[in-house]
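What the sequence shown shows, in full-length UniProt numbering, is residues 1 to 223, in sequence order.
Idealized CB from N, CA, C, for every residue including glycine.
Nothing here was measured: the structure is a model prediction, and the numbers come from that model.
What follows is a set of notes on a single structure, which appears directly below.
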Amino acid sequence: MRRDLALLEEQGALRRVHGGAAAVADRHVIEPTYTERTIIRHQAKAQLARVAAGLLKNGQTVVIDIGTTAVAVAQAIPRGFTGTVITPSLPVAVELADRPGITVLVAGGRVRAGDLACSNAHAKAFFADIYADIALLGSGGVDAQAGLTDYHFDEVDVRRTIIANSARSYILADSSKLGQVAPYRVCEFSAVDGLITDQNTDPAVAAAIEETGGVVLSARPSA
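In structure tokens:
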């Protein structure tokens, strides 16, 4: 029973409490298509992407994860940035491929339609040999109790490997993802250094992150 509960919690299906478990299913959501997500909260993603890009310093090795917000971060990186960007996202790689100061490395593995994200054991093995200065992580849901969750099981282990091998890691999530729970658990907030979001920060999520020593970086709306 304990093993079953641990597995279900790992997948984000419930959370363990003293004496049993509590459901989190009422906060589960269905992921919109990639095309829909390029439109949803586009301005908020652009705002938080500028905050994320502002953390980068020349010479760094940077991991940019998958998703429309990750692509927004790639677009927000200043043209003068020099360094190495490593990604499991083909759209992120395409966005940065013509930058003369950036070396772009792409993970191998199975390519998922829509996000064009690389995953499975090949991608995990690739990132096991990468030590990044900073990782900017995609998200399916970010919840005060469930932590960081995702929609795609094959990509969970890849993201965990990225987190384990990065000096600093930050979740990218506009406010529509805060308080939401995707089917598969990636990690607790204690595994990352913080959250980058738009100006509509969820107080419960912010408190949970800060309790683990993390920071919440909120974008200001454009003037």
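Residue interval of the alpha helix (DSSP H) (run including Arg159): Following the DSSP letters along the chain, one finds Arg159 inside the alpha helix (DSSP H) bounded by residues Phe153 to Ala164.
State the Cα-Cα distance for the pair Val205 and Ala52, rounded to the nearest angstrom. Taken atom to atom, the span from the alpha-carbon of Val205 to that of Ala52 is near 18 Å.
Alpha carbon to alpha carbon, what distance is there between Asp115 and Val63? CA-CA distance, Val63 to Asp115, rounds to 16 Å.
By alpha-carbon positions, which one of Leu55, Gln43 and Ala164 ends up nearest to Gln199? Looking only at Leu55, Gln43 and Ala164, the smallest Cα-Cα distance to Gln199 is reached by Gln43.
Can you give me the start and stop residues for the alpha helix (DSSP H) that Arg50 sits inside? Start and end: His42 to Ala53.
At which residues does the beta strand (DSSP E) containing Ile196 begin and terminate? For Ile196, the enclosing beta strand (DSSP E) starts and ends at Gly194 to Thr197.
I'd like to know whether the C-beta atoms of Val92 and Ala113 end up nearer to each other than 8 Å. The Cβ-Cβ distance between Val92 and Ala113 does not fall below 8 Å.
Beta-carbon proximity check, Ala207 vs Asn165, cutoff 8 Å: 8 Å or more divides the Cβ of Ala207 from the Cβ of Asn165.
Helix or strand or just coil, what does DSSP make of Ala206? Looking at Ala206 - three-state DSSP - the assignment turns out to be helix.
Would you call the stretch 96–103 and the stretch 169–177 in contact, with 3 or more CB pairs under 8 Å? Cβ pair count under 8 Å is below three, so no.
Cβ-Cβ distance between Thr197 and Leu48 below 8 Å: Their beta carbons are under 8 Å apart, which means Thr197 touches Leu48 by this criterion.
Output yes or no for whether 8 Å exceeds the beta carbon distance between Ala107 and Ala123. Yes, they are a contact pair.
In the DSSP assignment, find the unbroken beta strand (DSSP E) run with Ala146 in it and report its ends. In the DSSP annotation of this structure, Ala146 is not part of any beta strand (DSSP E), being labelled neither H nor E.
When you compare only the Cα positions, how much space is there between Leu217 and Ala117? Computed Cα separation, rounded: 26 Å.
Do Thr84 and Leu105 have their C-beta atoms within less than 8 Å of each other? Yes. Within cutoff.
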